[in-house]
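Remarks on the structure that follows.
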Amino acid sequence: MERLGSKELRAGIVAAYNNLENNKELVNSLNVFPVPDGDTGTNMSLTMKSVYNKLQSSDDDMRSVAKALGTGSLMGARGNSGVILSQLCRGVTTVLEQNDTIGVKELAEALDKARETAYKAVLKPTEGTVLTVSRMMAAFAMEKYSSYTDCIEFLEDVIDEGNEALRRTPEQLPVLKQAGVVDAGGKGLMVLLEGFLSSLTGKIIIEEPVKKLDEKFADFDDIHDHDINPEDIKFGYCTEFMINHDGSYNYEDWREVVSEYGDSLVVVGADDLIKTHIHTNNPGAVLELALQRGFLSDIKIDNMRIQNKAVNEAKHAKKQAAKTKYGFVSISIGKGFDQVFKDLGVNELISGGQTMNPSTEDIVEAVEKVNSDTVFVFPNNKNIILAAKQAVELVDKELIVVETRSIPEAFTALINFDEEEDAATNLEVMTSALSEVKTLQLTYAVRDTKVGDIDIHEGDIIGINKKDIVTNGKDVNLTMLDLLDKSIDDMTGLVTVYYGEDVSKEQAEDMLEMASKKYPDIDIEIVDGGQPLYYYIASIE
12 MERLGSKELR AGIVAAYNNL ENNKELVNSL NVFPVPDGDT GTNMSLTMKS
62 VYNKLQSSDD DMRSVAKALG TGSLMGARGN SGVILSQLCR GVTTVLEQND
112 TIGVKELAEA LDKARETAYK AVLKPTEGTV LTVSRMMAAF AMEKYSSYTD
162 CIEFLEDVID EGNEALRRTP EQLPVLKQAG VVDAGGKGLM VLLEGFLSSL
212 TGKIIIEEPV KKLDEKFADF DDIHDHDINP EDIKFGYCTE FMINHDGSYN
262 YEDWREVVSE YGDSLVVVGA DDLIKTHIHT NNPGAVLELA LQRGFLSDIK
312 IDNMRIQNKA VNEAKHAKKQ AAKTKYGFVS ISIGKGFDQV FKDLGVNELI
362 SGGQTMNPST EDIVEAVEKV NSDTVFVFPN NKNIILAAKQ AVELVDKELI
412 VVETRSIPEA FTALINFDEE EDAATNLEVM TSALSEVKTL QLTYAVRDTK
462 VGDIDIHEGD IIGINKKDIV TNGKDVNLTM LDLLDKSIDD MTGLVTVYYG
512 EDVSKEQAED MLEMASKKYP DIDIEIVDGG QPLYYYIASI E
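The opening position of the sequence shown corresponds to residue 12 in the numbering used here, with each subsequent residue numbered one higher.
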């Protein structure tokens with residue numbers, strides 16, 4: 012195959028996304044830290060899912076496919092790995108949009124442009140990562156492309172070079188060698204390229220049918236229009252469910268049968284499943300009818316008249332909000348943390364963090380909701396900072412990213428904010444205040460590993476000071492006390508411990524009692540954070 016057209020590119024991108032979606036847990040398992048937030052594969056897959064969605068509504072010419080790749084990855088980028096992937100895609104796009112078809116020369120140029128764009132996006136590039144893998148493939152491609160005429164043979168050898176570079180990442184990054192893994196982002200990139208190549212060789216990769224079904228109907232909540240008078244709604248109940256049948260029933264026949272019961276009907280089928288969305292005045296009759304075809308699951312019924320009334324009231328209230336000089340957007344996770352942010356004056360909260368990094372688009376949407384001239388964004392996770400910075404270029408108002416790496420850091424920054432000062436002064440003061448707080452985290456190990464002198468086994472409770480694992484144990488409270496002991500120093504005056512959803516109030520109070528006895532001269536308090544995965548998150552000031 013000497014030239015690739017838009018048809019081959021489109022099919023290849025879809026196959027690349029499907030291959031990564033099917034293998035994202037493999038990529039997640041390669042994260043160095045043995046904590047339950049290994050999300051590199053998930054973030055990269057969600058980034059490519061945005062590309063996939065853009066492709067579904069794009070034209071078939073090369074420039075349209077290129078635009079879907081560039082815009083989709085940019086708006087869907089999640090976490091550091093997703094942002095870097097979006098920049099790789101952006102580099103490829105600059106070559107694709109200039110050609111109607113591409114051969115080995117253009118493929119080499121695309122790989123090189125991807126490398127260049129990704130390296131420019133990272134302030135301090137680290138070797139032994141996805142950047143290195145992309146660089147080695149680009150170098151091979153630019154040096155060798157003149158020896159090839161066939162795109163498939165060329166890509167096979169480029170991928171071999173990339174996999175060899177991936178195998179060498181532990182030699183370049185000691186933390187990978189100690190953990191006994193290759194770079195997760197690099198692996199994700201190779202999975203994507205292998206998926207792309209499989210499409211060219213005729214091996215089409217598809218998702219699991221159930222995943223495809225769920226994905227298509229992920230946004231059922233948005234199908235009906237909230238922005239109408241509740242009294243004008245003809246069919247009042249938004250009804251969704253899944254019919255699980257023996258595989259012999261045709262979903263098109265079901266669509267015909269159920270269509271007379273309401274409107275806004277959407278029906279899709281895959282193998283032995285039929286997903287249904289309908290607006291009806293008699294959800295009971297619809298469900299009884301569905302039960303004649305199989306057993307039901309994922310049932311969801313909403314009274315749209317009540318929903319619309321509430322949404323319209325909320326919209327009206329938001330429109331009445333006065334414009335302010337400064338506004339705030341923060342990433343948060345857990346009802347307790349949400350409440351603290353609201354008490355500190357944060358306008359918009361984005362749910363996310365360790366296991367679900369919000370996309371650049373999520374951040375842009377939140378910023379646009381804030382009626383302020385200048386908006387400060389608090390990422391509260393190192394994997395979200397790049398996505399937040401990318402949002403700066405996509406909004407019309409002044410957006411300032413305060414590079415917080417934890418929720419306690421955001422609390423400290425907000426407390427130091429002064430409404431009377433200008434934005435630059437506030438950024439300087441808030442950033443300076445971050446050095447005054449240490450963040451501690453207590454979670455559990457998801458696999459065996461060795462970090463420094465600490466042997467860690469799957470299921471161990473592990474204590475983290477900033478980014479270093481400093482202790483492990485079997486008991487939550489005792490390990491938390493040891494973490495405090497290794498983190499408190501002579502300058503410590505206040506410790507605030509936020510307990511998560513897996514810790515009861517009584518358990519947290521027991522820990523507080525033991526800690527207060529051990530450190531009688533330090534103010535120690537507990538707050539219900541409600542966060543998942545982390546038993547305790549603490550700030551030391």
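Every residue, glycine too, gets a C-beta built ideally from N, C-alpha and C.
Selected residue, minimal CA-CA separation from residue i, among the options
i, options, result
"residue 159", "515, 193, 117, 401", "117"
"residue 416", "368, 428, 378", "368"
"residue 460", "472, 449, 348, 346", "472"
"residue 211", "17, 449, 136, 288", "17"
"residue 530", "501, 511, 550", "501"
"residue 458", "23, 139, 41, 359", "41"
"residue 128", "155, 94, 153, 154", "94"
"residue 455", "444, 447, 448, 475", "475"
"residue 32", "204, 421, 357", "204"
"residue 535", "544, 546, 105, 521", "521"
"residue 96", "107, 497, 81, 106", "81"
"residue 99", "115, 192, 121", "121"
"residue 29", "15, 161, 56", "56"
"residue 248", "389, 273, 390", "273"
"residue 124", "137, 354, 153, 245", "153"
"residue 342", "508, 391, 433, 163", "391"
"residue 147", "161, 163, 119, 157", "119"
"residue 263", "420, 78, 285", "285"
"residue 101", "549, 114, 79, 35", "79"
"residue 525", "433, 449, 34, 490", "490"
"residue 424", "347, 442, 13, 202", "442"
"residue 193", "141, 523, 519", "141"
"residue 61", "39, 24, 38, 73", "24"
Residue i burial status per 10 Å Cβ neighbour count (16 or more: buried)
i, result
"residue 306", "exposed"
"residue 220", "Its pLDDT being 37, under 50, residue 220 is placed unreliably in this model, and the value from its coordinates should be taken loosely. The residue is exposed, with fewer than 16 neighbouring Cβ atoms inside 10 Å."
"residue 236", "Residue placement at residue 236 is poorly supported in this model, since its pLDDT is 39, which falls under 50; the coordinates still yield a value, given next. Per the 10 Å Cβ criterion, exposed."
"residue 27", "buried"
"residue 270", "exposed"
"residue 21", "buried"
"residue 198", "buried"
"residue 317", "exposed"
"residue 336", "exposed"
"residue 109", "exposed"
"residue 468", "exposed"
"residue 186", "exposed"
"residue 230", "At residue 230 the pLDDT is 37, less than 50, meaning the model places this residue with poor confidence; the figure from the coordinates comes in the next sentence. Classification of residue 230: exposed, given that the 10 Å Cβ count is below 16."
"residue 48", "Only weak support exists for where residue 48 lies, its pLDDT of 49 falling under 50; the value from the coordinates is given anyway. Burial call: buried."
"residue 238", "Any reading at residue 238 is ruled out, since the residue's pLDDT is 43, under 50, leaving its predicted position unreliable."
"residue 90", "buried"
"residue 8", "Any property of residue 8 remains undetermined from this structure, which presents the chain solely from 12 to 552."
"residue 358", "buried"
"residue 126", "buried"
"residue 478", "exposed"
"residue 112", "exposed"
"residue 498", "buried"
"residue 161", "exposed"
"residue 196", "buried"
Limits of the beta strand (DSSP E) - the one that residue i falls within
i, result
"residue 348", "First-last for residue 348: 346 to 354, but that is the alpha helix (DSSP H), not the beta strand (DSSP E)."
"residue 306", "306 to 314"
"residue 452", "449 to 455"
"residue 445", "Careful: residue 445 lies outside any beta strand (DSSP E) and carries neither H nor E."
"residue 410", "409 to 412"
"residue 148", "Here residue 148 belongs to no beta strand (DSSP E); instead the alpha helix (DSSP H) covers 141 to 155."
"residue 474", "472 to 476"
"residue 461", "460 to 462"
"residue 548", "547 to 551"
Endpoints, alpha helix (DSSP H) assigned at residue i
i, result
"residue 51", "51 to 67"
"residue 522", "516 to 529"
"residue 171", "162 to 178"
"residue 485", "Looking at the DSSP string, residue 485 is not in any alpha helix (DSSP H), and its letter there is neither H nor E."
Whole-angstrom C-beta distance between residue j and residue i, which should lie under 8 Å
i, j, result
"residue 177", "residue 144", "5 Å"
"residue 87", "residue 370", "5 Å"
"residue 69", "residue 76", "6 Å"
"residue 542", "residue 504", "Contact flag wrong, Cβ pair sits at about 24 Å."
"residue 387", "residue 339", "5 Å"
"residue 493", "residue 484", "7 Å"
"residue 251", "residue 287", "7 Å"
"residue 83", "residue 65", "4 Å"
"residue 313", "residue 253", "With a Cβ gap of about 16 Å, residue 313 and residue 253 do not count as contacting."
"residue 549", "residue 451", "4 Å"
### the stretch 379 to 398 / the stretch 408 to 419 touching (three or more Cβ pairs under 8 Å)
yes
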